[in-house]
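Student: Below you'll find the structure I mean.
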Amino acid sequence: MQYEAPETTKAAVSLLAKAKGSAYVLAGGSDLLVRMKGGYVEPDLVVDIKRIKSMREVKKTATGFSIGAAVPCAALTENKALTKAWPGIVEAAGLIGSKQIQGRCTISGNLCNAGPAADSVPAMVAAGAKAVIQGPKGKRTMPVEDIPVGPGKTSLKKGELVEAILLPARKPKSGDAYLRFIPRSEMDIAVVSAGVNLTIDGKGVVTAARVALGAVAPTVLLVAAAAKAIIGTKLDDAALEKLGEAASAACRPIDDKRGTIEFRTKVAAVLAKRAAKIAYTRAGGK
Ligand SMILES: Cc1cc2nc3c(=O)[nH]c(=O)nc-3n(C[C@H](O)[C@H](O)[C@H](O)COP(=O)(O)OP(=O)(O)OC[C@H]3O[C@@H](n4cnc5c(N)ncnc54)[C@H](O)[C@@H]3O)c2cc1C
7 MQYEAPETTK
17 AAVSLLAKAK
27 GSAYVLAGGS
37 DLLVRMKGGY
47 VEPDLVVDIK
57 RIKSMREVKK
67 TATGFSIGAA
77 VPCAALTENK
87 ALTKAWPGIV
97 EAAGLIGSKQ
107 IQGRCTISGN
117 LCNAGPAADS
127 VPAMVAAGAK
137 AVIQGPKGKR
147 TMPVEDIPVG
157 PGKTSLKKGE
167 LVEAILLPAR
177 KPKSGDAYLR
187 FIPRSEMDIA
197 VVSAGVNLTI
207 DGKGVVTAAR
217 VALGAVAPTV
227 LLVAAAAKAI
237 IGTKLDDAAL
247 EKLGEAASAA
257 CRPIDDKRGT
267 IEFRTKVAAV
277 LAKRAAKIAY
287 TRAGGK
């Protein structure tokens, strides 16, 4: 196995593009190294991106935030400006594994690992986050929900990597929240999860919303019907009920030892409603 740790994005892309066998990006390694140790993958090339300076930065830009692909989750939970603007994203990043895991792992790695239960992905999808992709044909930007296409599979082409995650600028009176259900308090994978991001007007009426669910389908779901159920309302009980119904209706979960189809479908509604309430309060709604 060839291990490379380039210092520029261009060099990383060039290595990945020229690779003869299987090539993997290494960010925090908290998924990749576990899969290598378990014998599930045997890369011919590993390209470590942690030495690329521009990928280790969180930048506040005119259009929001840019989170480099090598920034560990611990740096996100310690970033006050990001926490103020996007508390839901930060709480999702702060749920991944443990402090030790968060010292290494990245939200880009969480996204590109393409696990249906990845914690930061519903929060990013609800936020309307975009991924900056660099590849042999140059740079492109796409919504994060278009990157995972199935368990363990992404839409990234040969030689491409995620360089950064872009979060939009925060509109006034907006809030987001992320919640997951796990059978214990930490170090577990979400059985169901929900991310909600919304904006309200001066009267407390929801003017925009995005609702995303995790672990209830092969990829994270952006549930437009759930958002529609609360737009134009003050998040009263009837609106919350409709939100929950839309969330449950969108679920296509599997039955496994972690949760049944029935359980996941029911809990998706509960979490979506709770996350919406938290996001509403964070937006300044009463
Ligand atoms: C003990 C433990 C507990 C965990 N708990 C959780 C949890 O609670 N919630 C959760 O969601 N996950 C959990 N995980 C899984 C893992 O920590 C996360 O998915 C993490 O965010 C992965 O990030 P990473 O930077 O370590 O990714 P890596 O392991 O470095 O990469 C993961 C995959 O993405 C690819 N990749 C990485 N970065 C890029 C990039 N920039 N461009 C293109 N491809 C890329 C890699 O090639 C690899 O296939 C846990 C793992 C462990 C070991």
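For what it's worth, the numbering used here labels the leading residue of the sequence shown as 7, then goes sequentially.
Idealized CB from N, CA, C, for every residue including glycine.
(1) Do you know offhand how far Lys279's Cα is from Ala135's?
(2) What do you get for Asp152, buried or exposed, if any count of 16 or more other CB atoms within 10 angstroms of its CB means buried?
(3) Using a beta-carbon distance below 8 Å, is Tyr286 in contact with chain C?
(4) Are Tyr184 and Gly94 touching if we call contact CB-CB under 8 Å?
(5) Just the Cα atoms here: how many angstroms apart are Asp182 and Ala17?
(6) Quick one: grab the DSSP three-state call for Asp54.
(7) Would Ala170 pass as a contact of Val212 if the rule is Cβ separation under 8 Å?
(8) Am I right that Leu88 and Val53 are in contact with their C-beta atoms under 8 Å? What's the rounded C-beta distance?
(9) In the structure shown, what three-state DSSP assignment does Met7 receive?
(10) Given this structure, state the Cα-to-Cα distance separating Ile236 from Lys248, to the nearest angstrom.
(11) Could you give the DSSP three-state label for Leu39: helix, strand or coil?
Tutor: On the basis of the coordinates in this document:
(1) Straight through space, the alpha carbons of Ala135 and Lys279 are spaced by roughly 22 Å.
(2) The residue is exposed, with fewer than 16 neighbouring Cβ atoms inside 10 Å.
(3) Of the protein chains in the structure, only one exists, and it is not chain C.
(4) Result yes, Cβ atoms of Tyr184 and Gly94 sit closer than 8 Å.
(5) Looking at the two C-alpha atoms, the distance is approximately 36 Å.
(6) Strand at Asp54.
(7) No, they are not a contact pair.
(8) About 27 Å separates the two Cβ atoms, so there is no contact after all.
(9) Under the three-state reduction of DSSP, Met7 is assigned to coil, being neither helix nor strand.
(10) Between Ile236 and Lys248, the C-alpha separation is close to 8 Å.
(11) Leu39 falls in the helix class under three-state DSSP.
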